[in-house]
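Q: Dropping the structure in here first, questions after.
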Amino acid sequence: MSGRGEGEGKGNDNTNSSEVRKDRVVTTVEGMPINEPFATQRVGQHGPLLMQDSSLIELLAHFNRERIPERNPHAHGSGAFGYFEVTDDITDICGSAMFSEIGKRTRCLTRFSTVGGEKGSADTVRDPRGFSTKFYTEEGNLDWVYNNTPIFFIRDPAKFPHFIHTQKRNPQTNLKDPDMFWDFLTTPENQVCIHQLVILFSDRGTPASYRHMNGYSGHTYKWSNKKGDWHYVQVHIKTDQGIKNLTNEEAMRIAGENPDFCQKDLFDSIEKGNAPSWTVFIQTMTEQEAKRLPFSVFDLTKVWPHKQFPLRRVGKLVLNENPQNFFAQVEQAAFAPSNTVPYQEASADPVLQSRLFAYSDAHRYRLGPNFNQIPVNCPYASRFFHPAIRDGPMNVNGNFGAEPNYLANSKQYQFLQQERPIQQHQEVWAGPATPFHWATSPGDIDYVQARDLYRKVLARQPGQQENLAHNIGVHVAGARPDIQQRVFEMFARVDKQLAADIRKECSAASSGSELRSKL
Ligand code: NDP
C-alpha cells in the first residue's frame with residue numbers, strides 16, 4: 001500500500017521503507033480494520049455484490065458527497081499560511097492587540113482568488129483578484145477580505161448579484177457573454193464602474209502571479225485607539241516582490257497552457273523557501289477631512305489621493321507555509337468582513353454593510369451553521385464562549401457540555417463583561433427610511449479618478465495607455481455593435497483619444513476574427 005495519510009508531510013512515503021507504519025491499517029469509517037480495501041463482497045467470485053458490504057457502500061456514498069457548494073463569486077483560489085509582524089507603532093490609530101507592540105507576530109492565512117470563474121477556471125483571466133487574510137489574534141479571528149484593486153464596480157449593494165451574474169454564464173448559451181458584461185456596465189446608472197474598468201483593463205487586470213500584486217481594503221473602515229478617538233482608515237498591502245503583470249495575449253496563452261499557473265507559482269515559491277511578503281500601510285482620515293472631500297468617504301468607486309492622505313507603514317505580511325491539505329485548510333476557509341476584533345469596525349459604506357451579512361451567510365450555506373468549528377476557522381488564539389449559540393448540524397466541539405443554554409446574570413451563571421472605551425465623537429445618523437439608488441454623482445466626479453489614472457498614472461508607464469485601449473478593444477469586439485457604441489461613448493467621457501484608440505482596436509480585433517472564421 002502506498003500514498004499519504006492525513007497530516008503526513010511530504011517525503012514520508014512508506015513505499016521504500018521495509019516497515020509499514022502501524023497506523024496505516026485501512027479501516028471502515030467506524031474504525032474496523034479492513035483486510036483488503038480493493039475487494040468487494042460477492043456471491044462467489046463473479047456473482048452480484050452483497051448489500052452487507054457496508055465498507056463499499058460507505059466508500060461510494062461518501063464519494064458522491066465529496067463536493068461542497070463552491071463559493072459563488074471567488075470560487076477559484078489558492079492559499080498559504082504565514083504571519084503578520086508589526087514594524088511601526090500605530091497605537092494612536094488602533095488599539096487592537098495585534099498592533100500592540102513592534103515585533104509582535106500574529107499567525108494568518110491568506111487566500112487569493114479570481115472572482116467570476118468557476119472552481120476549475122484559469123488563474124490568469126482578466127478579473128479582479130480576491131486577497132483575503134484571516135488573522136488568528138488573541139482577541140478573536142480578524143478577516144481582511146480585500147481585493148487587488150483599491151475600488152469596485154458598484155456602490156449600490158442591491159446591484160451585486162446582478163453584476164456578478166453578468167460575469168457568469170448566459171442562462172441560455174451557457175457561455176461567458178461580452179454583451180451581458182458591457183450592457184450592464186454601460187447603462188448610465190451603472191457607469192460608476194468606469195474607474196474600476198480602467199484598472200481592470202490595464203495590465204493590472206492580469207497579474208503575473210499572486211506574489212506580484214497588491215491588496216487593498218477598498219472600503220473605508222473605522223479604527224479607534226484605546227482613548228476612544230477614531231479615524232476612517234483604508235489599508236494597502238503592497239507587494240515586496242514588485243508589481244508584475246501579463247499582457248492580454250500572455251495571459252490568454254498561459255490560461256490555455258497551464259490554467260493553474262498562479263497556484264503553482266505560489267506553492268512552488270513557498271516550497272523553495274522563497275516566501276513572498278507584502279508591506280502593510282494605512283491611510284487615515286478624520287471625520288472633518290471626510291466632510292471636505294469632493295466625494296463621499298463611503299464611495300467604494302473612489303480612492304483617497306496619496307498626496308492628501310499619505311501611506312503610513314504598519315507591518316509586514318509573510319506567507320511561508322503551504323497548506324498540508326487544500327480542501328481542509330483553503331476550500332473550507334471561511335472569510336467574512338464581519339469577523340473583526342476590538343477597535344476595528346466597519347464604516348457606513350453600504351456595500352461593506354451588505355457584505356457583513358452576505359459572507360457569513362454564504363458560509364452557513366456552503367459549510368453549515370457550525371463552520372466556525374472547522375479547525376481552519378476556529379479562533380484558536382482566543383476562545384469561543386457563547387452558550388446560547390449551540391447545537392446545529394456538525395457540532396463537534398463539545399457543545400458547551402452542561403452549561404445552561406442561556407445567559408443571565410444570576411448568581412450561579414454570572415458572566416464577565418470586557419472593559420472597552422466608548423468611542424468619542426461618534427457619527428450621528430438620523431433620517432427617514434428612504435429608498436436611495438446611488439446611481440450618478442453631480443457633474444463629472446465619477447470620471448475624474450479614472451481620467452487621472454489614464455492621463456497621469458498610465459502615461460508615466462510606456463505602452464500602458466496603448467495596452468489599456470487594446471485590452472478593452474479586443475474584449476468589446478465580442479459584443480453587439482450597439483453595445484460597442486455605448487462602450488466608446490462611455491470611455492470618451494474619460495478621454496477622447498482613449499475612446500478613439502478603443503474603437504480602432506475593436507475593429508482590428510473584429511476583422512481579425514472574421515478572417516479566422518472564414519478559414
Ligand atoms: P499617485 O500618483 O500618488 O498614485 C498613483 C498610484 O497608482 C500608484 O501609487 C500606484 O498605486 C497606482 N498605479 C500605478 N500604475 C497603476 C495601474 N496600471 N493601474 C492601477 N493603479 C496603478 O496618485 P493618486 O493617489 O492621486 O491616484 C491617482 C490614480 O491612481 C487614482 O485615480 C487611482 O486610479 C490610482 N490609484 C490610486 C491609489 C490610491 O490609493 N491613491 C491606489 C491605486 C491606484 P500602488 O502604489 O498602490 O500600486
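Heads up: the sequence shown begins at 1 in UniProt numbering, then just goes up one per residue. Using N, Cα and C, we set each Cβ at its ideal position, and we do this for glycine too. A quick note: this is a predicted structure, and the numbers were derived from the prediction, not measured.
1) Would DSSP call Ala500 helix, strand or coil?
2) Cutting at 6 Å between CB atoms, please list the residues of its own chain near Asn174, excluding the five before and the five after it.
3) Below 7 Å CB to CB, which residues in the same chain sit around Gly256 once its five sequence neighbours on both sides are set aside?
4) Using 6 Å as the cut-off, classify the Cβ of Val297 as near or not near the heavy atoms of ligand 1, replying yes or no.
5) Please report the straight-line C-alpha distance between Ser441 and Cys108, rounded to a whole angstrom.
6) Could you spell out where the alpha helix (DSSP H) holding Phe357 opens and where it closes?
7) Tell me whether Arg204, by its Cβ, gets closer than 6 Å to a heavy atom of ligand 1.
8) Quick one: using the 10 Å Cβ neighbour count with 16 as the cut-off for buried, is Glu331 buried or exposed?
9) Look at the alpha carbon of Trp278 and the alpha carbon of Phe184, and state the distance between them as a whole number of angstroms.
10) For Met213, does the count of other Cβ atoms within 10 angstroms reach 16, so buried, or fall short, so exposed?
11) Tell me Asn147's beta-bridge partners as DSSP assigns them.
12) Measure the alpha-carbon distance for Gly3 versus Asp127 and round it to whole angstroms.
13) Within the continuous beta strand (DSSP E) that includes Tyr232, where are the two ends?
14) Measuring only the C-alpha atoms, how far is Ile374 from Asn405?
15) May I ask you to check if the CB of Gln191 is nearer than 6 Å to at least one heavy atom of ligand 1?
16) Would you check whether ligand 1 has a heavy atom nearer than 6 Å to the C-beta of Pro310?
17) Quick check on the DSSP output: the beta strand (DSSP E) that includes Trp278 runs from which residue to which?
18) Where does the unbroken beta strand (DSSP E) through Asn320 begin, and where does it stop?
19) Looking at the unbroken beta strand (DSSP E) that takes in Leu109, where does it start and where does it end?
20) Fully enclosed by the stretch 147-191, which alpha helix (DSSP H) runs are 4 residues long or longer?
21) Just how far apart, CA to CA, sit Lys504 and Gly473?
22) Could you name the residues of the same chain whose beta carbon sits closer than 8 Å to that of Gly218, not counting the 5 residues immediately before and after it, in chain order?
23) Check the DSSP bridge columns for Val86 and list the partner residues they point to.
24) Let me know if Pro323 comes out buried or exposed under the rule of 16 or more other beta-carbons within 10 Å of its beta-carbon.
25) Which residue from Trp144, Ser55, Asn64, Arg65 puts its Cα closest to that of Val280?
26) Could you tell me the boundaries of the alpha helix (DSSP H) in which Gln485 lies?
27) Going by the DSSP bridge assignment, what does Glu345 pair with across the sheet?
28) Going by C-alpha distance, which of Arg480, Ser510, Ser511, Val476 is nearest Ala499?
29) Classify Ala508 as helix, strand or coil using the three-state DSSP reduction.
30) Is it right to say Arg155 is buried, meaning 16 or more other beta carbons lie within 10 angstroms of its own, or is it exposed?
31) Considering only the beta carbon of each residue, do Phe298 and Asp229 sit closer than 7 Å?
32) Measuring alpha carbon to alpha carbon, tell me which residue in Lys222, Asn248, Glu289 is nearest His470.
33) Quick check: the Cα distance between Ile237 and Ser96, rounded to an integer number of angstroms?
34) Considering Cα atoms alone, identify which of Tyr365, Asn377, His363 is closest to Lys134.
35) Helix, strand or coil for Ala97, going by three-state DSSP, please let me know.
36) Could you check if Ile199 belongs to the surroundings of ligand 1, using beta carbon to heavy atom distance under 6 Å?
A: If we stick to the structure as given:
1) helix
2) none
3) none
4) no
5) 39 Å
6) 350-367
7) yes
8) buried
9) 35 Å
10) buried
11) Gly130, Tyr216
12) With a pLDDT of only 30 at Gly3, under 50, the local geometry of the prediction cannot be trusted, and no value is derived from it.
13) 230-239
14) 22 Å
15) no
16) no
17) 277-285
18) 312-321
19) 105-114
20) 160-167, 178-186
21) 7 Å
22) Tyr146, Asn147, Thr149, Pro150, Ile151, Phe152, Gln234, Leu300
23) Gly315
24) buried
25) Trp144
26) 481-492
27) Lys222
28) Val476
29) helix
30) buried
31) no
32) Asn248
33) 18 Å
34) Asn377
35) helix
36) yes
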